[in-house]
Structures are given as C-alpha cells and as structure tokens.
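*Asks:* What follows is a single structure, and I will ask about it in a moment.
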Amino acid sequence: MAGMGRVRVDNTKTFYAFSHDVKPVVRVKPGTVVEIETKDCFSNQLVSEEQLGDFQGASS
C-alpha cells in the first residue's frame, strides 16, 4: 500500500470492463493525492488539430 503523499497512475493501466477479476493498480492510504492520467474517447488517436478533418466546424 502506498503511503501518504502523491501517487500517479498513467494511462497504460487501462481496462475496458468492470469486473471483480480486475486487480487494483494501486492501493493508497487516506489523505494520499492520486493523479490519474486518462485517454480521450478516441484512445488518444487524435494528437493534432490537422487530424480532425471532417470534424472541424461540426456543432455539438
């Protein structure tokens, strides 16, 4: 178990399902700051504005 302080979980620790079989990436004590890096909805495939192509100018 990680002690108090700061813990960073990078975006390589990815699971696409909820299951009791998935093991925790880290356990922390109360008061520990946890920073979680996530992927966007495209799994970080878009890395520049030029890649947006047909999506530019689209309204939500």
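Just so you know, the sequence shown maps onto residues 14 to 73 in our numbering.
Idealized CB from N, CA, C, for every residue including glycine.
With a threshold of 8 Å on Cβ separation, who are the neighbours of L59 within its own chain once the five nearest residues in sequence on each side are excluded?
*Replies:* D53 and L65
*Asks:* By alpha-carbon positions, which one of V38, V20 and E63 ends up nearest to F28?
*Replies:* Looking at the Cα atoms, V38 is the closest of the given residues.
*Asks:* In the DSSP assignment, what residue or residues form a beta bridge with R19?
*Replies:* V46
*Asks:* Which whole-angstrom value describes the C-beta separation of E50 and R19, a residue pair presumed to lie in contact below a C-beta threshold of 8 Å?
*Replies:* In fact, because the Cβ distance is near 13 Å, the residues do not count as touching under 8 Å.
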